Each structure stands twice: as structure tokens, then as C-alpha cells.
Amino acid sequence: MASQYGDIYSNWQKNPEEFWHEAAQNVHWFKPYDKVFDADQGVYGRWFTGGETNTCYNAIDRHVEQGRGNQTAIIYDSPVTNQKRKITYAQLLEEVEALAAVMQDHGVVKGDRVLIYMPMIPEAAVSMMACARIGAIHSVVFGGFAAHELATRIDDAAPKMIIAASCGVEPGRVVAYQDMLDKAIEMSRHKVQHCIVLQRPEKAHIPVEGRDIDYKQAVDAARGRHVPCVPVLATDGLYILYTSGTTGEPKGVVRDHGGHMVALTWSVGAVYSIKPGDVFWVASDVGWVVGHSYIIYAPLFIGATTVIYEGKPVGTPDAGAFWRVISEYNVRIMFTAPTALRAIKKEDPEGLLVKKYDLSKLECMFLAGERADPDTVKWAENILNVPVIDHWWQTETGWAIAANPLGLGKMPTKYGSPTVGMPGYDIRVVDDGGHEVKRGELGNVLIKLPLPPGCLVTLWNAEERFRKSYLDEFEGYYKTSDAGYMDEDNYVYIMSRTDDIINVAGHRLSTGAMEEIISGHPDVAECAVVGIADTLKGQVPCGFLVLKANVDRPESVIEAECIERVRSEIGPVASFRLALVIKRLPKTRSGKILRSTIQKIADGEPWRMPGTIDDPAILDEITDALRDRKIGNACQAA
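Under my numbering, the first residue of the sequence shown carries the number 242, and numbering increases by one thereafter.
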């Protein structure tokens, strides 16, 4: 169908409040809101002020009341534990009410914080919904986070209770959560009185007397109890989600109930084309914003079926894992990170494993989390024979800033662009002085205030830090800290974080543009480009290359070819003379490449082990590789 995007975006521009009022009719309200938008509340205004609602009611109860209790709400698929379960909306409601009863019995009330420390299991979703049901504010911490990182979040959120699992299961290893949880509670200044712990068979939990409650025993005992949904204000906090700040201290992004529900209910249909009853699979983790928004909340708001997958794109058991899940559950729309596709491409570059499965129900794949290089997008389109759509958003926004809205009619693809701004987002590109730049010119990407519903409303206990981090530098705008440009058709191109723009002899250059060129090399699975210190030019780019499986050409030849590709396409101004093949890139558990850490290692600067790193040993490998090749401080004298 022809895209309705232009008309719908124009309608939002003409009357933003009417647009969001109409979208809010798809949400159940116990009490209607007084104002769609109140500019006098909050830091930049608040949405749906005076309204009362409940997130859990919208996600579960209303579907059961409408006679759809027997529909599957959650599919749990765990290749690491060989378990599979299907949970209906009625069964989910029973479990959520029982856990909410246990929480209330131990003193949790509206406004209290509850920290959730769990792997990708249905009980994580149940815990989030139980908090929302009674008006508690949840803060999910990625399962397996180290004790120090967990302790900082305990101290910041000051939770009344922690809900945890005894362990997480990774390919080839069991991660003992209790050790980290006990250590974190010991380290933290805030002392948690109660922990509800789910015993998993892979690792027994040794309860701490007087503190720990067995999840299964307590929930089974409370089964059948009715716990009404507590009405909350639209502007009350639903959750705190911590994102690492530039200072190393976590920033607690606060999301509210009303705006969150309205934005996600609208976007899950408009952006992803999800309808009630569809199977929607988002291959992420509940510890990240993608997991909050589109594994747990949005699919349940719309009455769809969501997949909770406890596994990896490769190694559980092979690079066909994603295709098996799509085929087995008739997934209509999938959403994953580009880094997952690159991992699959590295192991199965020809896409041979796709041929083992029936993917006829799959209509589209969405990508976000890292910049989707055109080579990876085209590779996925070729092997899957469906559209592969890049889109751009942040933990802070909670849903897509720019996308190709499938539900409004797909627009033409421009590789390298997440397409156009969604209603609610007035995107501008400016220079460091705040002046708009010409189309096609690189600059700071901003969003004109107010931010739409669903975005962060503040940072937990840190309003001044919120202003300083996002609002003060460019008055009247939200600073995304991303760099990019817009073309004549209003397509947005996000090239890198602003701190990934490097200055080479006075020329501002995007490392993302160089990565895009290198990724087009037939032997390269993925890459990262960072700027490292140079006494003559200020900075020079250095490329780190990970090769596809079974490449038998000399690494030095491939490095030279990548250097030539960049110099040919960007020109000598890039000063791209350094490329290094490594076994793997250091990443966070959500798949983001730790470019700034690589840069600090290369420059010989002090650096801290990132709390979100997937495998700390990779940094030692990179340090050794740089030293062996005399790249970094040694290159400054060259």
C-alpha cells in the first residue's frame, strides 16, 4: 500500500495535542486526563496530566475481560535449558496476581521501588507486571551484572525489595546470580529487607535467613488471590532503567505510565505493523530498553503474542537458531540488533542454514541498537527475502525517533538511513553553535522540545543532571549526543555518537562512514573505527576488523584492501592508514561496540572495565594486538 506517513506526520505537526489525544483512546483510563499536555509541569511539560490508569490492566486484564484469556501471551523458548512454554493471558494474569499478593504481604506499596535481577525467563515479565499492578516502580538490572554495578543501582533506586533468579544460563556455563546479589547487598549503603528468589534447577540458591523468600513456594501459596490493579496517575513513575553515563555513574531514566502506554500502543502498530494475535519476536533482553518496550509491554498492550528467547544468535546450537524460532512459532515480525546479524553472517556467510526452515510467515525484520551498515542489511535481505528495516532510538526515548513505518505503508529504503522522523519528533541538525546546517552536512542531531509521550521525563533523583546532560547545551532542544545529517527528502542518517566524530588535521570525519565502507569488504564480518591520538594531526583513524569464518587469505592483504577502500571512497583527507584484524570486538551485553574503551587503550589513557562488557578478556587481546603492532602511542612518533 502507498505510505500514509506524510499525511500522518503532517497531522501531528498541525495539532500535536489532538494527534496524541486520538492515540490515547486506545488506552484504558480509570479517570480521563485533564490535559493532553501541560507545559507547566515537569522539566519540559508532562503528558496526560490528571489521568488515572494502570499499565498491568492495559496489558493483561482487559484482554481477559474481552474473552481472549485463552490466547497465548508469552512463548518461552530456552535452547540453553531445553525448555519451552506457552503462557496464555489468563495464566499470566493468575501468576501476576499471585506475585503481587506476595509483594504486598511483604510491605511493597505504590511508589516503592523493586529491583529485578533476572535472565530471559517468563518470571521477569511477571515481576515487571506485578510491580505495575500495585503501582510499584520497577528497575530491571541486566541479569549477571557484576556486584559493583548492581550495588550502585541499589543505592540509587533504594528498592524495598529485590526479585531475582538463582542463576542465568549461558552456552557452556551457569552464571551464579546469588554470589553477585549477596556481594552487591553487602557493598550497598541501602539495605534491602526482602528478596524473592526463583530457584532454577541449574544452580541452587542458598537462602539468607530472614531476607530471602522462595519465589515458587510463595507464589503457589498465593495462587487464586485477587489483587486489584491500583489506579496510578499517568504521570507517576512506571520504571527506572539505568544507562551508563559518561562519568561512569549510571543514569536512571524514568518512564511514566500514561505517556509510555500511549506511545507504545501507537508505535507497535504504526512502526511494526503488529496486530492482536500476531507473533512478535524481539531478540533482545529485558534488561535493555528494547526488552522493556517491545518484548514485554507493547506486544501485551496490543494483545499480541511475544517471544521470550533465552539463547544466542549463534552457538545455541548454531547460526540457524533465529531461523528455527521464526519457523517454529510462525513469527510475523522480528526485531534484533545488527550485531546479532553480523555474528550469524560471520558463521554462515552464505546463509545456508536459512534453507533448513520455513520462514514463509516472516514479513519483515527490524534492526536497532547499533548503526546498521548497508552491507549487513543487504545480506539479510538477500538470505531472508523480506524487507530489513533499520530504525533509530535510544534508552531515553523508549521508542523509535526515526523509522520506516511498516504499519503506515513502507517507504522507499535508503541504505544507511533509518528513514524519517516519527510523529512526535521534530528532528534538527545543527553545528556546535546551534545553527542549522545544510542538508547533507554533518552536525549534532537534536529533537525540538517537548519530547513526545513515552520518552524519559527526568533522571531518578537527578533533575539537574537531566538538564545538564540533555537540555542545557542547546536551549529548547533535547540533545541526542548522536551525529548525523538529513537529506533533501528528510531522511535521517545517524553516523556515530558525537564523541565518535574525530578531528583529523582540522577535518571533522565520521567513524561510522568509514565503518560502512570497510563493512562492504567481502571478507569482513564486522568492524569498528576509532580515532587515536596523533601528535601531528590530532587524531587518526584506526580500523579493527573481524573476519568471516573460513577466510584463508592473509590478514595483511585484507587490512591493506580495507585501507585502500576508505582512502578511495573518502579520500586521503581521512588519513586512514591503520587497520588491524582481531578475533572479536569488545561489546556490551546489548551488542554495542565499546569504541571509547578501545580508544583509551590505544591512547594509553586510564580506563575502567565497563560494567556492561560481555567478555572482559577481549580487552586484553586488543591490548596485546596493539602492542604487538606498535599501534597507539608508538604510532604518534611515526
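In this text, a Cβ means the ideal position worked out from N, Cα and C, and glycines have one as well.
Note that this is a predicted model, so its numbers are computed, not measured.
Return the CA-CA distance between residue i and residue j, expressed in angstroms with no decimal places.
{"i": "W261", "j": "R303", "result": "21 Å"}
{"i": "L712", "j": "R706", "result": "10 Å"}
{"i": "N256", "j": "S658", "result": "27 Å"}
{"i": "G772", "j": "G552", "result": "34 Å"}
{"i": "E682", "j": "D728", "result": "9 Å"}
{"i": "Q434", "j": "L697", "result": "29 Å"}
{"i": "L541", "j": "E767", "result": "34 Å"}
{"i": "S568", "j": "R849", "result": "42 Å"}
{"i": "W253", "j": "T636", "result": "23 Å"}
{"i": "E862", "j": "F785", "result": "12 Å"}
{"i": "A774", "j": "R680", "result": "30 Å"}
{"i": "C783", "j": "G556", "result": "30 Å"}
{"i": "E263", "j": "R394", "result": "37 Å"}
{"i": "L439", "j": "M402", "result": "14 Å"}
{"i": "R565", "j": "D318", "result": "11 Å"}
{"i": "K871", "j": "T776", "result": "15 Å"}
{"i": "Y598", "j": "D559", "result": "13 Å"}
{"i": "R466", "j": "R309", "result": "21 Å"}
{"i": "A815", "j": "A724", "result": "17 Å"}
{"i": "G247", "j": "E258", "result": "18 Å"}
{"i": "N744", "j": "F607", "result": "33 Å"}
{"i": "R818", "j": "K833", "result": "25 Å"}
{"i": "L505", "j": "A866", "result": "44 Å"}
{"i": "K828", "j": "T853", "result": "8 Å"}
{"i": "S751", "j": "I859", "result": "25 Å"}
{"i": "N311", "j": "V495", "result": "33 Å"}
{"i": "D423", "j": "E390", "result": "13 Å"}
{"i": "G873", "j": "C803", "result": "19 Å"}
Apart from the five residues just before and just after residue i, which ones in its own chain have a Cβ nearer than 8 Å to its Cβ?
{"i": "V678", "result": "V670, V671, D672, G684, Y726"}
{"i": "Q245", "result": "L649, G650"}
{"i": "V305", "result": "Y330, A331, L334"}
May I ask you to report which of helix, strand or coil DSSP gives residue i?
{"i": "T488", "result": "Below a pLDDT of 50, predicted positions are generally treated as unreliable, and T488, at 47, falls in that range; the measurement from the model is reported next regardless. DSSP places T488 in coil when its eight states are reduced to three."}
{"i": "I735", "result": "strand"}
{"i": "E259", "result": "helix"}
{"i": "D775", "result": "strand"}
{"i": "H501", "result": "helix"}
{"i": "P522", "result": "Note that residue 522 corresponds to Trp in the displayed sequence, not to Pro. Note: W522 maps to strand in three-state DSSP."}
{"i": "S407", "result": "coil"}
{"i": "H379", "result": "strand"}
{"i": "K720", "result": "strand"}
{"i": "T617", "result": "helix"}
{"i": "Q312", "result": "coil"}
{"i": "A264", "result": "helix"}
{"i": "C891", "result": "Since the first residue of the chain shown is 242 and the last is 879, residue 891 is not available in this structure."}
{"i": "K586", "result": "helix"}
Output needed for residue i: all residues of its chain with C-beta closer than 6 Å, excluding positions within five of it in sequence on either side, in chain order.
{"i": "L582", "result": "T617, A621"}
{"i": "E443", "result": "C408, V410, V415"}
{"i": "H446", "result": "S407, Q419, V438, Q440"}
{"i": "R287", "result": "D279, T476"}
{"i": "E756", "result": "C768, V770"}
Could you pull out every residue in the same chain whose Cβ sits closer than 7 Å to the Cβ of residue i, ignoring the five residues on either side in sequence?
{"i": "H269", "result": "T294, Y298, N299, R303"}
{"i": "A409", "result": "Before going further, note that residue 409 is Gly rather than Ala in the sequence given. These residues qualify, in order along the chain: P360, G384, G385, V416, Y418."}
{"i": "E796", "result": "V822"}
{"i": "K602", "result": "N571, V572, R573"}
Quick check: residue i and residue j, are their CB atoms within less than 9 Å of each other?
{"i": "L835", "j": "L826", "result": "yes"}
{"i": "P628", "j": "L647", "result": "yes"}
{"i": "G639", "j": "V530", "result": "yes"}
{"i": "I630", "j": "T654", "result": "yes"}
{"i": "I481", "j": "G500", "result": "no"}
{"i": "G478", "j": "I378", "result": "yes"}
{"i": "I357", "j": "V382", "result": "yes"}
{"i": "A613", "j": "P579", "result": "yes"}
{"i": "S368", "j": "L340", "result": "yes"}
{"i": "C605", "j": "Y513", "result": "yes"}
{"i": "P320", "j": "A562", "result": "yes"}
{"i": "P517", "j": "I543", "result": "yes"}
{"i": "C436", "j": "D453", "result": "yes"}
{"i": "R326", "j": "P400", "result": "no"}
{"i": "S508", "j": "A387", "result": "no"}
{"i": "K586", "j": "K824", "result": "no"}
{"i": "D855", "j": "I799", "result": "no"}
Quick check: the stretch 339-354 against the stretch 450-463, are at least 3 beta-carbon pairs closer than 8 Å?
At 8 Å Cβ cutoff, the stretches touch.
Cβ contact (3+ pairs, closer than 8 Å) linking the stretch 470-479 and the stretch 284-294
Contact annotation: the stretch 470-479 touches the stretch 284-294, with at least three C-beta pairs closer than 8 Å.
Three-pair Cβ contact test at 8 Å for the stretch 563-574 versus the stretch 516-527
Between the stretch 563-574 and the stretch 516-527 there are three or more inter-stretch CB-CB distances shorter than 8 Å, so the stretches are counted as touching.
Evaluate the contact criterion for the stretch 687-694 versus the stretch 715-726: three or more CB pairs, one atom per stretch, below 8 Å.
Flag = yes, the stretch 687-694 and the stretch 715-726 touch.
Across the stretch 427-447 and the stretch 462-470, are there enough close Cβ pairs to call them in contact, namely three or more that are closer than 8 Å?
Because the criterion of three Cβ pairs below 8 Å is not met, the stretch 427-447 and the stretch 462-470 do not touch.
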